[in-house]
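Student:
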Amino acid sequence: QHAKSVRVLMSSTAELAYTLEGVAQGMREDGRARLDLRHLAIECSIFAHTCGSARVTLGNTEAIVGVVAELSEPESDAPDAGRISVSVGAAGNLALPDYGGTDAVTFLEAALAPLYSHKALGP
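Following my numbering, the numbering of the sequence shown begins with 538 at its first residue and continues without gaps.
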């Protein structure tokens, strides 16, 4: 049963067999032992001209983020409503194959939208 659920995530039977053999030997593809963790580092406030920024490194993967906020007057037709907009920028091609090849920017903007969308904020 477990192998069947794992197979959904694997692209082929050979990949599944390779992975299960690695688990049986207590090794991962990258040479780490099964219980070894990747090195994690977090640096905050790396950009001076942002409201917040960070660099997160997990193994050989690095993510850099900067947040900029701007205050402005509400729209004249909704003076009591606020407005928040979020945009995501990314360097390189960050396709997400597990999500039908959706690029990371589109995926992240869609994932963040519910977090800042509320009827009290207006359109």
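Idealized CB from N, CA, C, for every residue including glycine.
All values derive from a computational prediction rather than experimental measurement.
Can you give me the Cβ contacts of A600 inside the same chain, cut-off strictly under 6 Å, excluding the 5 residues immediately before and after it?
Tutor: The answer, listed in chain order, is V593.
Student: Thinking A570 and G559 are a contact (beta carbons under 8 Å), I'd like their distance in whole angstroms, please.
Tutor: That belief does not hold up - the Cβ atoms of A570 and G559 are roughly 10 Å apart, past 8 Å.
Student: Once the 5 residues before and after L577 are set aside, which same chain residues still bring their CB inside 6 Å of it?
Tutor: Hits under 6 Å: L595.
Student: Skipping 5 residues on each side, what residues in its chain have a beta carbon closer than 8 Å to that of E646?
Tutor: These residues qualify, in order along the chain: V623, S624 and V625.
Student: Consult DSSP for S542 and reduce its assignment to one of helix, strand or coil.
Tutor: For S542, the pLDDT reaches just 45, beneath the cut-off of 50, and the residue's location in the model is therefore unreliable, although a value from the coordinates is still provided. Helix, per DSSP.
Student: To which residues of the same chain is S542 closer than 6 Å at the C-beta, ignoring the five residues directly before and after it?
Tutor: Only weak support exists for where S542 lies, its pLDDT of 45 falling under 50; the coordinates are left without a value.
Student: Figure out for me which residue from S549, I583, S613 and A561 has the closest Cα to the Cα of V602.
Tutor: Closest by alpha carbon: I583.
Student: When the Cα atoms are used, what is the spatial distance from A615 to C588?
Tutor: So the alpha carbons of these two residues sit roughly 27 Å apart.
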